[in-house]
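Protein chains in written order, with our numbering: chain A, 5 to 266; chain B, 210 to 502.
The beta-carbon is built from N, C-alpha and C at its ideal position, and this holds for glycine as well.
Everything below concerns the one structure shown next.
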Amino acid sequence: MKPSILRIGLLRGGIEIKQFLRQRESVVFTMLFPIMLLFIFGSVFKDSIAPGVTFSQYFVAGMIASGLVNTGFQQLAITIPMERDFGTLKRLRGTPMSPVSYFIGKIILVTVSMLVQVGLLLVFGALLFGLNVPTSAERWLRFAWLVILGSICSTILGIAFSSVPKSGRGASAVVSPIVIVLQFFSGVFFIFSSLPKWMQDFASIFPLKWLTQGMRSVFLPDSFAGKEVAHSWESGRTLLVLSVWIVLGTIFAIRSFKWSDR
Amino acid sequence: MTVQSAIHVRGLTKTYADKKNGAKVAVAGIDLDVHQGEIFAILGPNGAGKTTTVEILEGYRDRDSGEVSVLGIDPGHLGNDDRSWRNRIGIVLQSTGDAADLTVAETVHHFSHYYTKAKNPDQVIAAVGLADKTDAKIRTLSGGQRRRLDVALGIIGSPEILFLDEPTTGFDPEARRAFWELIKSLQSEGTTILLTTHYLDEAEALANRVAVINNGKIIEVSTPENLGGRNDAKARVAYLSEGGRVEILTDSPTQAIAELMSKFNGEIPELTVSRPTLEDMYLEMIEGQGDQS
């Protein structure tokens, strides 16, 4: 009996989650840090920024978008170079395990941690910071495709970016600042429309800006669409930008992925 | 190529691009045949081309030219054979420090799912001497214990060929002896073993044949007993005379001792008779070559 690629992929998913839960730093960093930020920002900035919209609501929507980036891009772009450094990848490549199974395992890890993180942010946001959980099917549907496409995009870009850091130890130092700068530029910590034009233009290249805007279209009243830079939620354009990044990321990931560092 | 060849190599070359020196020739035309069921050791100084050669055989690296066949398949062009070929080989790399948060049992059991003919994971753990560490996290293992886990993961799939890259680095003498027994028992099951090592006693204890490689070329392939003409080498008879220690190199040590006995009229002071060790032969060969790297 030949072990199937999917079955081994599922087993790898189990192993990935087990390892993740046993690394206390990664649990704290990936899961609790965003919740902490939610408490800090949500507690400090309670002012209204538009009729019926507080900054904490705006911020929670941005943090949910960031959650997709943290659990996919940031997590993979840091841990895969470490696995490469340790020789984990090289050893796996020497076994009959299909590379596809390895990536299925990573996708399972990202999906589970993403669901937990987005779930936590939704619950805390709704209970403590007045986040309006959508009531219409149309909004839930939009939320669903944003989460699915956003996760796929974030995962693929994380795998693609994993060949950029020169060493496993340095990966966090390369990846974390990129994520933090993008968060500042993309309307997570500040209101996007109040940022300088060059910052807005720069952020518009990257997926996070579109994800934060998309999440606002799910969690903020439609009247707020007029306050966006384009005076619209731009759902169609969000779909387009995410799709382009997914295609480009896939091509780059396939070309650049390395199983060992030499 | 004969049916008995598990590994067959002709005219293998590999050159690396080097930013400082232009290009570095790592493998400069190697021919090699490893027979099915034998333990074959590759000896050579650091940078001699051992690891490059082995990694080409393992399918990790491309070659520049030459002919390579491992179990009848070219590891440089695996294509769709990749998984079925890897199912038949086992690799123990030089060092790995991964999956530190899993236990020994979890790791070995997990790897056993990759193979069609996996051995019983608990038996493998016991065979490498980690039975009392079954539930220990990998991060708590000593260097030697980690190495034994590496070996467990290399043999879990009942490989037809096992590649061992410096397997006993960091072992204490007792663990090395136990490891040698394990390797011999794998051979008796029919596994072909390709070993690279720095330890000449290890090569001598295990290998049916050894190849000495230096500067990307094979200097000699022989049995450990015959390497460098060791079987024909002169014996060294040494004793203490009034002027100090005297050494005689001779082809007939028994006769030399008989002569000494009559000269000393009985007991010869501090008599020793020795043959060159594998290490002596090896060092002579490497030094004779000069170190060009």
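In or out: residue i buried (at least 16 other Cβ within 10 Å) or exposed?
i	result
residue 400 of chain B	buried
residue 89 of chain A	buried
residue 349 of chain B	exposed
residue 247 of chain A	exposed
residue 456 of chain B	exposed
residue 218 of chain B	buried
residue 411 of chain B	buried
residue 227 of chain A	exposed
residue 249 of chain B	buried
residue 217 of chain A	buried
residue 487 of chain B	buried
residue 87 of chain A	buried
residue 20 of chain A	buried
residue 404 of chain B	buried
residue 202 of chain A	exposed
residue 446 of chain B	buried
residue 490 of chain B	buried
residue 11 of chain A	exposed
residue 342 of chain B	buried
In whole angstroms, what is the alpha-carbon distance linking residue i and residue j?
i	j	result
residue 359 of chain B	residue 344 of chain B	16 Å
residue 318 of chain B	residue 426 of chain B	40 Å
residue 294 of chain B	residue 408 of chain B	30 Å
residue 302 of chain B	residue 373 of chain B	7 Å
residue 471 of chain B	residue 460 of chain B	19 Å
residue 102 of chain A	residue 93 of chain A	12 Å
residue 250 of chain A	residue 221 of chain A	22 Å
residue 492 of chain B	residue 483 of chain B	17 Å
residue 394 of chain B	residue 449 of chain B	45 Å
residue 157 of chain A	residue 209 of chain A	14 Å
residue 353 of chain B	residue 142 of chain A	60 Å
residue 140 of chain A	residue 224 of chain A	13 Å
residue 420 of chain B	residue 428 of chain B	7 Å
residue 258 of chain B	residue 111 of chain A	38 Å
residue 230 of chain B	residue 223 of chain B	16 Å
residue 418 of chain B	residue 216 of chain B	14 Å
residue 467 of chain B	residue 382 of chain B	38 Å
residue 96 of chain A	residue 259 of chain A	19 Å
Among the residues of its own chain, which have a CB less than 6 Å from the CB of residue i, if the five just before and after it don't count?
i	result
residue 260 of chain B	none
residue 51 of chain A	59
residue 178 of chain A	169
residue 75 of chain A	114, 117, 118, 121
residue 164 of chain A	253, 256, 257
residue 9 of chain A	102, 104, 105
residue 327 of chain B	321, 365, 366
residue 276 of chain B	219
residue 146 of chain A	222
residue 278 of chain B	217
Between residue i and the rest of its own chain, which residues show a CB-CB distance below 7 Å, the 5 nearest in sequence each way excluded?
i	result
residue 502 of chain B	Low per-residue confidence applies at residue 502 of chain B: pLDDT is 42, beneath 50, and the placement is therefore not dependable enough to give any value.
residue 204 of chain A	196, 233
residue 495 of chain B	254, 423
Can you look up residue i in the DSSP assignment and give me helix, strand or coil?
i	result
residue 262 of chain A	coil
residue 227 of chain B	strand
residue 191 of chain A	coil
residue 325 of chain B	coil
residue 432 of chain B	coil
residue 442 of chain B	coil
residue 271 of chain B	coil
residue 139 of chain A	coil
residue 279 of chain B	strand
residue 344 of chain B	coil
residue 60 of chain A	helix
residue 235 of chain A	coil
residue 8 of chain A	coil
residue 385 of chain B	helix
residue 423 of chain B	strand
residue 262 of chain B	helix
residue 32 of chain A	helix
Which residues in the same chain have their Cβ closer than 8 Å to the Cβ of residue i, if we skip the five residues on either side of it in sequence?
i	result
residue 176 of chain A	82
residue 35 of chain A	117, 120, 121, 124
residue 505 of chain B	Absent from the structure is residue 505 of chain B, since the part of chain B shown begins at 210 and ends at 502.
residue 107 of chain A	13, 163
residue 192 of chain A	63, 66, 67, 69, 70, 212, 216
residue 263 of chain B	251, 372, 374, 403, 405
*asked:* Against chain B, which members of the segment 92-123 of chain A pass a CB distance test of less than 8 Å?
replied: 92, 94, 95, 97, 98, 99, 100, 101, 102
*Name the residues in the segment 11-22 of chain A whose C-beta lies less than 9 Å from a C-beta of chain B; which are they?*
11, 12, 15, 16, 18, 19, 22
*asked:* Residues of the segment 284-299 of chain B in Cβ contact with chain A at a cutoff of 7 Å, in chain order, please.
replied: 292, 295, 296
*asked:* For the segment 318-341 of chain B, list every residue whose C-beta sits within 8 Å of some C-beta in chain A, in sequence order.
replied: 319, 320, 322, 323, 324, 325
*Interface positions of the segment 25-50 of chain A facing chain B (Cβ-Cβ less than 8 Å), listed along the chain*: 26, 27
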